[in-house]
Every structure is written in C-alpha cells, then in structure tokens.
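Colleague: Numbering (our numbering), first residue to last: 25 to 257. By construction, the Cβ of each residue, glycine as well, lies at the ideal position given by its N, Cα and C atoms. All values reported here derive from a predicted model rather than from experimental measurement.
1. Is residue 121 buried or exposed, if buried means 16 or more other CB atoms sit within 10 Å of its CB?
2. Identify which residue in 144, 240, 163 has its Cα closest to the Cα of residue 150.
3. Got a sec? Which residues, its chain only, sit under 8 Å from residue 66 by beta carbon, not counting five neighbours each side?
4. Do you know offhand how far residue 191's Cα is from residue 203's?
5. Within a Cβ cutoff of 7 Å, which residues of the same chain sit near residue 197, ignoring the five residues on either side of it in sequence?
6. Suppose the cutoff is 6 Å on Cβ atoms and the five residues either side in sequence are ignored; what does the same chain contact list for residue 275 look like?
7. How long is the line joining the alpha carbons of residue 119 and residue 86, rounded to whole angstroms?
8. When you compare the CB positions of residue 58 and residue 168, do they come within less than 8 Å of one another, or not?
9. For the putative contact between residue 186 and residue 29, defined by C-beta atoms under 8 Å, what is the C-beta separation to the nearest angstrom?
10. I'd like to know whether the C-beta atoms of residue 112 and residue 83 end up nearer to each other than 8 Å.
11. Using DSSP with H/G/I as helix, E/B as strand and the rest coil, what is residue 149?
12. Could you compute how far the alpha carbon of residue 248 sits from the alpha carbon of residue 224?
13. For a minimum of 3 consecutive residues, which ranges assigned as the beta strand (DSSP E) are wholly contained in the stretch 153-217?
14. Please identify the residue among 94, 117, 31, 38 whose C-alpha is closest to the C-alpha of residue 200.
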C-alpha cells in the first residue's frame, strides 16, 4: 500500500523559503501532528542545517551503531544523496528526532559511497540510474518500515521532483506574513517550466487555521497528479 506523502514547508506570503525567519517552534509543533513514520529530507537541506559542516567531512571516528529499540516510535530519516555530498552519515544519528537513518542513492553510485555506507553502518537503498528513483525508493521504504505516512522536510528541488512525479498526496504550508520577492528560484516548487496547461496541479483546500503572530496554516489535498513512472534521468 502506498504511503501518504505530505510536503510540509514554512513559506513567506509569496511562497519563498529564504531571507525571512521562520517560526520553527510552530513549524515543528505542526509537523508533529502528522505522526510520520519516515521523514524524507534532501541532502542539500541537511547540508544547510547546523550539522552541515560536519556532514560534509569524513568522520574522524566511527562510533558503533546503537541497537535500535523495537518500541522506539520515532520516525526514520531517509536522505536521497545521488551526488555523494554527505560524507559523515553517523552525525545524523546523533540527532534526537529520528531512531535511525536510511541513505538513498542510485544504481550507479560510486564505489566509495557504497563503501562509506558500509563502513559507517548506514542502511541504504539504491534505485534509479544516475539519480534516485523516488517512486521506487518510497515504495521500498514503505515495505521495509511498514510506513503509512512520510513527511517531506526539504526545499523546492526535492519538492519539485516529487510533485512532477505525481507522488505527493498532501501539501501543508505555514504561511508567514512576509514578502521576499526576487527572481531566484527559492520557492517551495522548483521544476522545469510546463509546456501544457494540462500539467498544472490542482489542489483542494482541506483546512485553514489562523495562528498567533499572523501565521496561517493551509492544508491541501493534491487532486491532479502527473502519472508516476516517468524517468528520473
């Protein structure tokens, strides 16, 4: 059974994700309501986090992986990284939000990356030729971890791939009373321009809630989806 895929993002009123200070306390409080089994985050998002510098360097020491408690209800963190950008996967295991980490890469992943996964004791899954086939990866994640809900915590590039592939079921936006503007593509949905109006994605508003500080929480179901099965390369 396909898991429910939810995009959850903090945005300005014009859909930007940069230059304004997001209310992270509210953002993650709302994220907790989804009770996800898996968090999907892009490697770029992780490298821009406070752990970014550590993630980009090979670890000096590799700790023994802790035994996972079967009763641990925290989600799994899954990170697509077909460009082999993350070198220190063990640092992700130090974060208290997830019970374990799953690396995703392509079938042409460099041998050094595969060796790194094995050396650091990181579970991994390979799908796609040169980039991660997210459709296959999400199906495998659902089967391996019995995942019913996957929350995407990432930027516009990963969001764009998932939306263009027709893999997203719900969009959750925490809209901030700010305007950023600009011509750089730092929005929640980065993808190639459409060539047909038929590919515009229709949404159904399912909930809206005005919160303190002028924040608005919007939730949409995705109505029209691009048929899955398109090549990732």
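Modeller: Reading off the structure:
1. Position 97 of the chain shown, counting from 1, holds the residue named residue 121. Exposed, because fewer than 16 other Cβ atoms sit within 10 Å of the Cβ of residue 121.
2. Along the chain shown, read from residue 1 onward, the residue named residue 150 stands at position 126. Nearest option by C-alpha distance: 163.
3. Looking up residue 66 in the chain shown gives position 42. Answer for residue 66: 103, 104, 178, 179, 181, 182, listed in chain order.
4. Position 167 of the chain shown, counted from the first residue, corresponds to residue 191. Position 179 of the chain shown, counted from the first residue, corresponds to residue 203. Computed Cα separation, rounded: 29 Å.
5. Locating residue 197 in the chain shown gives position 173, where the first residue counts as 1. Closer than 7 Å at Cβ, skipping near neighbours: 33, 35, 242.
6. With the chain running from 25 to 257 in the structure shown, residue 275 is simply not present.
7. On the chain shown, residue 119 is found 95 positions in, with the first residue counted as 1. On the chain shown, residue 86 is found 62 positions in, with the first residue counted as 1. If I take the Cα positions, the gap works out to 15 Å.
8. Taking the first residue of the chain shown as 1, we reach residue 58 at position 34. Taking the first residue of the chain shown as 1, we reach residue 168 at position 144. Cβ distance not < 8 Å, so residue 58 and residue 168 don't count as in contact.
9. Position 162 of the chain shown, counted from the start, is the residue given in the question as residue 186. Position 5 of the chain shown, counted from the start, is the residue given in the question as residue 29. Contact holds; Cβ gap of about 7 Å.
10. One-based indexing of the chain shown puts residue 112 at position 88. One-based indexing of the chain shown puts residue 83 at position 59. The answer is yes: Cβ separation under 8 Å.
11. Numbered from its first residue, the chain shown carries residue 149 at position 125. Three-state result, residue 149: strand.
12. Here the question's residue 248 lines up with position 224 in the chain shown. Here the question's residue 224 lines up with position 200 in the chain shown. The alpha-carbon separation between residue 248 and residue 224 amounts to approximately 8 Å.
13. Annotation: the stretch 153-217 contains the following complete segments of the beta strand (DSSP E) (minimum length 3 residues), in chain order: 173-176, 194-200.
14. Residue mapping note: residue 200 aligns to position 176 of the chain shown, counting from 1. Out of 94, 117, 31, 38, 38 has the C-alpha closest to the C-alpha of residue 200.
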